[in-house]
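Each remark here refers to the structure printed beneath this line.
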Amino acid sequence: MRAEVKEICKALHLAYIADRFEEVRFETKEQFLRDVLALELSCRQEAKQARLIKKAKFRELKWLKDYEWSGHIHWPATTSREELCDLRFLERKQNVLLLGSPGTGKTHLATALGIQACQQGHEVQFFSASRILSPSWKRR
């Protein structure tokens with residue numbers, strides 16, 4: 001029976017249900033079907049986020065919750081921390097330029113914003129300024 005379920009899921013391209021449907025509790029048919037399909041969707045979203053983060057080629061993973069916001073950040077009058085963190089600049093097709101001395105957290109902030117974008121389904125590519133400015137760098 002389990003082998004049949006796996007084959008049907010494979011034919012329907014439901015990669016996660018076959019391995020995890022037994023985790024879903026059964027109260028009614030509708031609830032079970034809804035929860036199994038929600039599990040498939042959730043697993044797909046997690047896998048997509050992981051693929052996007054890997055494809056971005058971050059040097060290391062950093063998160064906004066760990067970023068030290070105090071002191072050294074100066075915001076333009078037209079933006080705020082909230083607008084930056086909720087990635088509104090992406091909707092407006094705007095760039096973000098981070099300038100500062102070494103060790104002020106530019107890479108951490110850029111990486112954390114990139115990871116957040118990946119988690120929201122956006123494709124991201126990480127480049128350091130030194131890599132972009134090097135003569136061997138080629139645009140894709």
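Quick note on numbering: UniProt numbering labels position 118 of the sequence shown as 118, and the sequence is numbered without any gaps. Even glycine gets a Cβ: it sits at the ideal position worked out from N, Cα and C. Just so you know, these numbers come straight off a predicted model, no measurement behind them.
Is it true that the segment 104 to 114 meets the segment 59 to 68, where meeting means three or more beta-carbon pairs spaced less than 8 Å apart?
Touching, per the Cβ criterion.
If you draw a straight line from the alpha carbon of F127 to that of S42, how long is it in whole angstroms?
In this structure, the alpha-carbon of F127 lies about 30 Å from that of S42.
Chain D beta carbons: is any one of them nearer than 8 Å to that of T78?
Looking for chain D here will not work: only one protein chain is present.
For R44, the nearest candidate out of L99, E4, S80 and Y16 (CA to CA)
Of the candidates L99, E4, S80 and Y16, Y16 places its Cα closest to the Cα of R44.
Within 8 Å, strictly: CB atoms of E46 and L14
Contact: no.
Quick one: Cα of L12 to Cα of E22, how far?
Distance from the CA of L12 to the CA of E22, rounded to the nearest whole angstrom, comes to 18 Å.
What first and last residue would you give for the alpha helix (DSSP H) that runs through S130?
For S130, the enclosing alpha helix (DSSP H) begins and ends at A129 to L133.
Under the three-state DSSP convention, the category H108 falls into:
H108 falls in the helix class under three-state DSSP.
Looking at C-alpha atoms only, which residue of P76, A77 and C85 is the closest neighbour of K65?
Comparing Cα-Cα distances from K65 to each of P76, A77 and C85, the minimum goes to C85.
Taking Cβ positions, are Q49 and Q119 nearer each other than 8 Å?
Taking the C-beta atoms as reference points, Q119 is found nearer than 8 Å to Q49.
Taking DSSP as the reference, what is the three-state secondary structure of R92?
In the three-state reduction of the DSSP assignment, R92 falls in the coil class.
How would you write the range of the alpha helix (DSSP H) that V5 sits in, first residue to last?
V5 -> alpha helix (DSSP H) spans R2 to A11.
Tell me which residue opens and which closes the alpha helix (DSSP H) that S42 is part of.
Run containing S42: K29 to A56, per the alpha helix (DSSP H) assignment.
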